[in-house]
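Single-structure report; data block below.
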Amino acid sequence: MDSAGASSAQRARTALIFVAPKLLQFVFVIWATYTVTFLLIHFLPGDPVLAALSLKGGDATTTDPAALERLRVQYGLDGTLWEQYFRHLTGVVTGNFGTSISTGQPVSTMISRVMPHSAAIAGLALVIGILLAVVVTYLAFLTRSNWLRQTLMQIPPLGVAIPAFLTGLVFISVFSFGLGWFPSSGTRQPLSVVLPAVTLALPVGAIFFQVFSAAVFEAANGAYVFTAVAKGLSPRRIFTRHVLRNSLLASITILGLQIGYLAGGTAVVETVFSRDGIGRMTVNAVLGRDINVIQGVVIVVAIVYSSVNLLVDISYGLIDPRIRPSLATPKTKGSPTAPDAPENSAPVRTTT
Amino acid sequence: MRLLKKPGLLVSAIFLLLVLLAVAVPSLFATHSPLEGVAAEKMLPPSAEHWFGTDHLGRDVYSRVVYGARLSVAAAALAVLIGVSVGAVVGLVAGAVGGKIDFAIMRVVDVFIAVPGILLALIVVASLGFGPWSVAVGVALGAAGSFARVMRSQVLRVRNEEYVEAAGALGVRRGTILLSHVLPNASRPVISMAALELGTAILSVSALSFLGFGPQPPTPEWGSLVASGREFVATAPWLSILPGVVIVAVVLAVNRVAQQLGASK
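In the order they appear, the protein sequences are chains F and D. Residue numbering for the first sequence follows this note's numbering, starting at -3 and increasing by one per position. Residue numbering for the second sequence follows this note's numbering, starting at 16 and increasing by one per position.
Printed below as a string of structure tokens:
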């Protein structure tokens, strides 16, 4: 146990050493994402204002240079590239993503209006996906039949090969038009969340399964499982008490990746189910060549993605002491020092 | 033959050969015209005459799927090709040069890996305009990052091999060493990864076409076929679901064959 005073200052320093680089990385990823998007949009051929206008109201509307320039100023697309870059960058820092070319509304308002709809299906999909992965792995872990285990392990890769638009359409024709259990579209009814969430959950669960089941079967060879077996614990108890915790913890690292996948997946799923949300808004923005909205969405996704990664990293340090920098306590030399990810063979907690 | 012991692989390989044949000569498989329909025969359910039924213009959906293979497969293959080439060059340069340049390149690569592939593709499509080729470029950009990362790690591994050191000691120029010694030995994992990526690319291309960024009607393409059938999902679900099932079959076959390619190395 630490004694008070000096050690609490030391602890704060350790925490700072642990957290500071991760915060720096958080800021870096968002800045870099902004820069890369900006460069892509401005260096690929095509004039966004012209393109958006010709889509908006036929080609004969505005060819007058003065009027075009006014529109550029209105949407923040005037001036040199450097001016635009810094103007938008300060906008990002202050939460102002400019004005949508097709709707004329502030992009941040548009995003915050549809965000809850997407968050609902993405969050539910994440929960359902993780549950599915855990259940399939649990059954494969418990079964004594080699054949059944092989079959169970073959199912999740299917989830990656089936496009979300197909699953969604099959669900709509079976559960909406066939059985009439769930609404086929919209966001009004509370049950409308179910089908899109399950559609998204299949690939999400499949990706999670690959990491999770690998961690489980690796952990099953660990010394602490051997001890638990020797103690006479039932396989079921070994799974829930020992293996599950360690493997889940090891699999949390891919949550960030999953957020990225979810952000892309909502584009398809929200289109299939005609739901308002970030994804559908992005698709409409691309159809209208509305680059301000596209850039805003990409930055919001980058912020969500980096926040999740930051939280995962920090919670890792809180849950698993082996991750923390061991500068302050050189005594723990025997244990592995700050590995990138915890080894699954070493349990976090083995007491029953 | 060993292949007979793996029926899944055999079926996948034969199926892929048929798909490739359909890409090359679609008229071999198509039973009707992909573009011209018979107005009296619209919205028919699947039958012996029309395997996948007919759409709202009386066109045979099976024939449209056959003709659609060309654009779907070509766009996906192009995406992988661009992704691998760009990724390989970036990874090779980063791994070979090292130091600060390597660090800077890899931070940019990190960003391309962090931004979801479909968002990158959407940015590209929004800038370049719609069509199967901009979709391919967009998908390629989303995939290039991970190719660069793998290539770089392979270059770092190969760079310390004895034969590379030997070539250096013999006075072979750096560029020659890189191209004739490092590149061939470093590319094996990248190539098997590219084979796996083809399945993902088919899915991404068809998803983007489904969203309406691919070829414009009446050109048949798998994702667009699903999208146009979607309007009739309440009354004629086969119009969208059967082309979708074809996509799944192709992706599974590609993945199975790619897995074998990766394992035999």
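C-beta atoms are modelled at their ideal positions from N, C-alpha and C, and glycine is treated no differently.
Annotated as proximal: F:Leu36 and D:Val139, with beta-carbon spacing under 8 Å. If you check the CB distance, F:Ala263 and D:Leu226 come in under 8 Å. Between D:Leu137 and chain F, the shortest Cβ-Cβ separation is below 8 Å. Here F:Gly273 is actually not in contact with F:Ala197; their C-beta atoms are around 16 Å apart, not less than 8 Å. For D:Tyr178, the number of other beta carbons within 10 angstroms of its own is below 16, and it is reported as exposed. The DSSP-derived three-state label of D:Thr69 is strand. Distance from the CA of F:His238 to the CA of F:Ala136, rounded to the nearest whole angstrom, comes to 16 Å. The Cβ of F:Val207 sits no closer than 8 Å to any Cβ of chain D. Interface flag for D:Ala249 against chain F is set, since a Cβ pair is found closer than 8 Å. Here F:Arg145 has Ala136 and Thr139 as same chain residues with Cβ atoms under 7 Å from its own Cβ, once five neighbours each way along the sequence are excluded.
Here the segment 161 to 177 of chain D does not lie against the segment 111 to 131 of chain F, with fewer than 3 beta-carbon pairs under 8 Å apart.
Listed in chain order, the alpha helix (DSSP H) elements of length 4 or more contained wholly in the segment 172 to 231 of chain F are 190 to 215 and 219 to 226. Nearest to D:His71 by C-alpha distance, out of D:Val81, D:Pro60 and D:Ala159, is D:Pro60. Nearest C-alpha to D:Leu50 among D:Tyr77, D:Ala111, D:Ala251 and D:Ala278: D:Tyr77. Excluding five sequence positions before and after F:Thr183, the CB atoms of its chain that fall closer than 7 Å to its own CB belong to His113, Arg271 and Asp272, given in chain order.
As for any alpha helix (DSSP H) of minimum length 4 sitting wholly inside the segment 44 to 132 of chain F, the runs are 44 to 53, 61 to 70 and 77 to 90, ordered along the chain. Within chain D, Leu137, Val140, Ala141 and Phe228 have C-beta atoms less than 7 Å from the C-beta of F:Val282, given in sequence order. Judged by their CB atoms, D:Ser87 and D:Ser221 are nearer to each other than the 8 Å cut-off.
The Cβ-Cβ distance between F:Val308 and F:Ile107 does not fall below 8 Å. With respect to the 8 Å criterion, D:Ala159 and D:Gly102 are classified as neighbours on the basis of their beta carbons.
Between F:Gly91 and F:Val103, the C-beta gap is not smaller than 8 Å, which leaves the two residues out of contact. The beta carbons of D:Gly83 and D:Lys57 sit no closer together than 8 Å.
Residue pairing by DSSP places D:Asp75 opposite D:Thr69 in a beta bridge. Taking a C-beta distance under 8 Å as the contact criterion, F:Phe161 and D:Gly259 qualify as a contact pair. At a cut-off of 8 Å between C-beta atoms, D:Leu43 does not count as an interface residue with respect to chain F.
Annotation: F:Ala63 to F:Asn288 spans about 19 Å, alpha carbon to alpha carbon. Look at D:Pro147 here: in three-state DSSP terms it is helix.
The beta carbon of D:Lys115 sits closer than 6 Å to no other beta carbon from its chain once the five residues preceding and following it are set aside. Contacts with chain D at 8 Å (Cβ-Cβ) include F:Gly260. The C-beta of D:Gly214 comes closer than 8 Å to at least one C-beta of chain F. The residues Arg74, Asp75 and Ser78, in chain order, have a CB closer than 8 Å to that of D:Ser48 in the same chain once the five nearest residues on each side in sequence are set aside.
With the rule of 3 Cβ pairs closer than 8 Å, the segment 142 to 159 of chain D does not count as touching the segment 195 to 206 of chain D. Not flagged as an interface residue toward chain D: F:Pro152, since no C-beta distance is shorter than 8 Å.
Using beta-carbon distances, D:Ser221 counts as an interface residue toward chain F, with a partner under 8 Å.
According to the DSSP assignment, D:Ser27 belongs to the alpha helix (DSSP H) that extends over Pro22 to Ala39. One finds Leu134 and Leu137 in chain D with Cβ atoms closer than 8 Å to the Cβ of F:Thr278, taken in chain order.
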